[in-house]
Amino acid sequence: MAETPLVEQLVTLRQQALAELAQLADLNALDAWRIRYLGRKGALRQVLRDLGRLPPAQRPRAGQVSNEVKEALEAAFAARVQAVKQAQLEAALARERLDVTLPGYPVSLGRLHPSTQTLREIVAIFADMGFQVFESREVETDLYNFELLNIPPYHPARDMWDTFYLNERVVLRTHTSPGQIRAMQAYCPHPIRVVLPGMCYRYEAVTARSEIMFHQVEGLAVGTHVTMADLKGVLVTFARRMFGEQRRVRFRCSHFPFTEPSVEVDIDCLVCSGQGCAVCKHTGWVEILGAGMVHPQVLRNGGYDPEVFTGFAFGLGPERIAMLKYGIDDIRYFFSNDLRFLEQFG
Amino acid sequence: MRVPLSWLQEFVDLVVPLDTLVERLTLAGLEVSAVEHVGADWPRDKLLVGQVLEVKPHPQADRLVLAVVDIGRGAPLTAVTGAPNLRPGDRGQKVAVACEGAELWDGTSAVPRRMTLRRARIRGVESVAMLCSEKELGLSDDHSEVLLLDPEAPVGRPLQDVLGETVLEVELTPNLARAHCVVGLAREVAALTGQRLRGWPPPDPLAAGPHQARTSFVTVHSADPQLCPRYSAALIENVRLGPSPLWLRQRLRLSGMRPINNVVDITNYCMLETGQPLHAFDYETLQLRQGIVVRPAAAGERLRTLDGVERVLAEGMLLITDDRGPIALAGIMGGEDTEVTARTRHVLLESANFHFLSIRRTAQRLRLTTEAGQRFGRGVDSTLTVPALLRAARLMERLAGGRLHPEIADTYPLPPAPKTIALRPAEVRRLLGMDFAVAELQRLLEALEFRCTPRHDTEGAYLDVEVPSYRLDVSIPADLVEEVARLHGYDAIPETLLRDVLPPQRSQPLLEGVERTRDILVGCGLTEVISYSLTSLETVRRSVVDAATVDAAAYLRLANPISQEREVLRRSLLPSLLETLRTNSRFRKRLLFFEIGRVYEPQPGEELPREPRRLGIALSGPLLPPSWHYHGESPEQLGYTHLKGIVETLCQRLNVPEVRFVPASHPSLLPGRTAALELGGQRLGILGELHPQVRERFDLPDQPVALLELDLEQLLAHRQPRRYQRLSRFPAVLEDMALVVDAEVPAQAVADAIRTAGGELLRQVTLFDLYTGDPIPPGKKSLAFSLVFQADDRSLSEDEVRVLYRRIQQHAAATLGAQPRQ
Ligand SMILES: [Zn+2]
């Protein structure tokens, strides 16, 4: 059976449209093609306008073919668009290929000084155990720096501190310990748990091992049930959190005029793990801090009755701790502000 | 303190290995900082004790001799030597013989140098061995003669066994003055190893006394018993001055003292052994009709001390005097006129006790540090004078041929009161957090020679503890608790965490603000520095354009500066920031620093200064780190506006609103590029660009330096609590407004005018362009702002915005003469 002219027209239209479509490679031309063939006033609609004039018997066949043609053109169009987009993307990718190994755009972020970083670590560890920061002045009276700490003028213990004097009565604090007295005077009669960070000064030749200026963090706990066993527990906790859970910690008898009994605390050497090396002077141990039970006279000077209250105190040096932790061999780097040093931290 | 182990062993048996001993001492507070093995490097097979069989003249050289020595094996060896203490005809001496191949110190070298002994022909005679000097063995610098060993030394024994020694170096804290001698250390070793001290004090028929102040040879008197609680003296007659025997010289040297002659060496030896300083006078130089009087000096008295220095004495310095006047500075140094010399026949030996304060004060005032002064300055047991005196006198009999006069002069006007301390187990528990039975406390304390008497009262059992005379450091129960703890071992004390109540916890806005500031600035790309608080006026003057503006009197000055660079306390962070720039500009171009630190401001009428915390910032160099993105260096340089941006960010993040930047001047900064930071009419700080004159003085490269310094505590005091602002559901209207004003009108004033007129509906004002030049007339500038209008309760109509916009333009015109840009 021969097809009606309209059907043949549709078939021709499909061939022509598909042939044209195959030639197109850009999205604008594709859009124009879509309007030309599938648009409201497009070629397909033009042909279908004549559908109503066909004899009724031919209409179903013509309607079926016209649907087939429309679907075929739409499918071909979608496939073509997809293909062109893919081709464009590939072309773009080829054009815009990145050397992904090139350095990124520089980001400018600063750094905290290693002493600040270490101070923060120390303060955070003690904060977890209920110790709050208490600050106290750097220029001190002889009274607070020495006498109230059980170190009278000309006492042999004065040999332990080489002191910068402003005049006979005023010194640059040689340790943060005068802050103990100030904290006690501020908080008496309440129990105390504080750490006192700050700068201290010693009249000393500046060498790789000693500085005229350094940070110290003092700790002080005063209460009715504070013992040497508590001191040990707190300091062992500190040492392990600061230097690693596996650290061995030992307490060595020592002497400070403001504590009795007094101890110094060592950890096994971080470099040789206790085998002995130059850093630990072949002892296997390195000292990290000094501590003790607050001397009854010092408690009294702070306003507390030593028959009722006991306390412990400790003092440690953040620079020394940082030196141990990072293996720094010269304390002078800390305040020389050399970027080549500072940039290694944080 | 250095202690030869063999000396220590005279007073205590060493029953534990050396490592254990070192650890126990260290843990007990006597830190052993070094263990030295003298002679450890002497080859055992090549350095031997030899005996001289014969000394023959050298056939070719007058100054040399041939010594034939027996080394206990093989045939005798021949050594050529030029030592003056071996002469032809000598025989029998024991010497240190080095055989071929032995490594020694070069005796002729000025600097320490090792050498290996080789067989040699010396003036035609074959020398196969060498007789060593002290220097060649590394014992001293003496190369003048051959070392002669003890006559008892066994021939053929390795020298190491005869002369080798182990020396402990012990660091002693001031409270351990009692252990600053061989006997004292031995006492500690005994307690720590379960042994008993032995051989001290040595038995002596004269020890028991009684002794009198008045004797046939001298009368002694202390005019001030507080300062001189005891003075003892002995007379040793007919001494023969000469060198000390080798063993004594060796021990002195290993302890760090130089041998001089037998009499002086013995006083030093006994001081090292007993802790009691002694002084030997030449008896015949003294005028003793009145006797020896110990008294404070009158102002202006003079004494030429042993070191040859004529000293003018201050009132109160304690003196030893004879009829004529001062003969010694008590407890510190003797006088030159009465010192022991080669001609001395009789020795008056002083063994006294002085108050530590008096000795320390005098030593400090005269800046005179001596072994005796240091010991007295830490406190010496006053019961020691006679035992130490007898020990030294008997040694002088043995080693210097003297004879001890059978009387001892002794005045003891102020014997110390015996100390007894009650120690309760509850007190030990209260301090240590650990239980001890009374019997255990007694056992531990008695090991340290505390005499304990168990007692009992209503509170239970306790101990009465009698303190030994030499324990000047023990006076309260806590002192005894320390003895218990260190002897028992700190290891045994349990580890607990605080069970006491947690004290009230306080809020700390200032500290939190400081740390927040640090974090913000690090986020802004700045690196934190910490500088010395001590600086010099010189540096301060260099940091300002006109040095005359520096008021030296406003600075706190050290009375004892350690260097000229660190003589005053800083009042500003800027000089040290400039130094930091200089330090780093040699190897970095891009420098962004901040410092948070204290400055020190003396207050009139106050003993102590204010110590406010400041923030300082220094910026210089390229804006961005070097990168290939912009072909190397960042095209833009850091300057004032970058610094201002950081300050604005800081204030915004800290939530300090209302900060104003006001044109200002500063002695270090460029006029016209400097602003003061003001808040509520208060000046908080300054920022600006460094004056080129100052920049040159700090050797900084020719690029802008932006500096800031502000009072951080004041800034933080202005922090406002954060308040949440509801997000408007209605659209914002964005408009641009360009205004032309006179060039001198600050941008801030224009923005302020816009805000004032815009009122509550104007939510945001942002400058997005600044333009001068054609077509803007000369002397004018155009400022373009983007404005955001918004209401919380409605959409703004076009009319509303137009009215507002026009009102802003009119207000700007009226207040600043601003014209809309066409
Ligand atoms: Zn090590």
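As they're listed, the protein sequences go chains A and B. Sequential numbering from -6 applies to the first sequence in my numbering. Sequential numbering from 17 applies to the second sequence in my numbering. Even glycine gets a Cβ: it sits at the ideal position worked out from N, Cα and C. Since this is a predicted model, take the numbers as computed values, not measurements.
What residues from chain A crowd round residue i, counting only those whose CB sits closer than 9 Å?
{"i": "residue 391 of chain B", "result": "By Cβ distance, chain A contributes nothing, its closest Cβ being about 11 Å from residue 391 of chain B, past 9 Å."}
{"i": "residue 372 of chain B", "result": "147, 148, 149"}
{"i": "residue 285 of chain B", "result": "None at all; the shortest Cβ gap to chain A is about 24 Å."}
Taking 6 Å as the cut-off, is the C-beta of residue i nearer than that to any heavy atom in ligand 1?
{"i": "residue 242 of chain A", "result": "no"}
{"i": "residue 264 of chain A", "result": "yes"}
{"i": "residue 85 of chain B", "result": "no"}
{"i": "residue 272 of chain A", "result": "yes"}
At 7 Å on the CB atoms, spell out the chain A contacts of residue i, in chain order.
{"i": "residue 42 of chain B", "result": "245"}
{"i": "residue 575 of chain B", "result": "158, 159, 160"}
{"i": "residue 645 of chain B", "result": "98"}
List the residues of chain A whose Cβ lies closer than 8 Å to the Cβ of residue i, in chain order.
{"i": "residue 545 of chain B", "result": "106, 330, 335"}
{"i": "residue 714 of chain B", "result": "Here the premise fails: no neighbours, minimum Cβ distance about 14 Å."}
{"i": "residue 449 of chain B", "result": "220, 221, 222, 223"}
{"i": "residue 394 of chain B", "result": "149"}
{"i": "residue 608 of chain B", "result": "101, 103"}
Taking 7 Å as the CB-CB limit, is residue i close to chain A?
{"i": "residue 641 of chain B", "result": "yes"}
{"i": "residue 341 of chain B", "result": "no"}
{"i": "residue 190 of chain B", "result": "yes"}
{"i": "residue 369 of chain B", "result": "no"}
{"i": "residue 541 of chain B", "result": "yes"}
{"i": "residue 733 of chain B", "result": "no"}
{"i": "residue 625 of chain B", "result": "yes"}
{"i": "residue 769 of chain B", "result": "no"}
{"i": "residue 375 of chain B", "result": "no"}
{"i": "residue 388 of chain B", "result": "no"}
{"i": "residue 56 of chain B", "result": "no"}
Should residue i be flagged as near chain B, meaning a C-beta pair shorter than 7 Å?
{"i": "residue 13 of chain A", "result": "no"}
{"i": "residue 92 of chain A", "result": "no"}
{"i": "residue 226 of chain A", "result": "yes"}
{"i": "residue 157 of chain A", "result": "yes"}
{"i": "residue 132 of chain A", "result": "yes"}
{"i": "residue 126 of chain A", "result": "yes"}
{"i": "residue 235 of chain A", "result": "no"}
{"i": "residue 111 of chain A", "result": "no"}
{"i": "residue 118 of chain A", "result": "no"}
Just to make sure I have the definition right: I need the residues of chain B whose C-beta is within less than 7 Å of the C-beta of residue i. Which are they?
{"i": "residue 135 of chain A", "result": "Result: empty, since nearest Cβ-Cβ is about 10 Å, beyond 7 Å."}
Counting only Cβ pairs nearer than 9 Å, list the residues of chain B close to residue i.
{"i": "residue 283 of chain A", "result": "Neighbours of residue 283 of chain A on chain B: none; closest Cβ ~10 Å, over 9 Å."}
Would you mind telling me which residues of chain B sit closer than 8 Å to residue i, beta carbon to beta carbon, in chain order?
{"i": "residue 163 of chain A", "result": "623, 624"}
Query raised in the report: What residues in the segment 505 to 537 of chain B bring their beta carbon closer than 8 Å to a beta carbon of chain A?
Result: 506, 507, 509, 510, 511, 512, 513, 514, 515, 516, 517, 518, 519, 520, 521, 522, 524, 527, 531, 534, 537
Query raised in the report: Going along the chain, which residues of the segment 253 to 275 of chain A sit with their C-beta nearer than 8 Å to a C-beta in chain B?
Result: 253, 254, 255, 256, 274
Query raised in the report: Name the residues in the segment 479 to 499 of chain B whose C-beta lies less than 7 Å from a C-beta of chain A; which are they?
Result: 492, 494, 495, 497, 498
Query - Near-chain B residues of the segment 166 to 183 of chain A - C-beta to any C-beta below 8 Å - result: 180, 183
Report task. Determine which residues of the segment 547 to 573 of chain B have a Cβ less than 8 Å from any Cβ of chain A, and write them out in chain order. Result -> 547, 548, 549, 550, 572, 573
Requested in this report: Name, going along the chain, the residues of the segment 139 to 150 of chain A whose beta-carbon falls closer than 7 Å to a beta-carbon of chain B.
Outcome: 147, 149, 150
Requested in this report: Closer than 8 Å, Cβ to Cβ, to anything on chain A: give me those residues from the segment 427 to 441 of chain B, in chain order.
Outcome: none
Query raised in the report: Using a beta-carbon distance cut-off of less than 7 Å, what residues from the segment 587 to 601 of chain B approach chain A?
Result: 596, 599, 600
Query raised in the report: Going along the chain, which residues of the segment 293 to 323 of chain A sit with their C-beta nearer than 8 Å to a C-beta in chain B?
Result: 303
Query raised in the report: Given a limit of 7 Å on CB to CB distance, which residues of the segment 200 to 213 of chain A reach chain B?
Result: 205, 206
Report task. Taking only beta carbons into account, state which residues of the segment 185 to 199 of chain A come closer than 7 Å to chain B, listed in chain order. Result -> 185, 186, 192, 196
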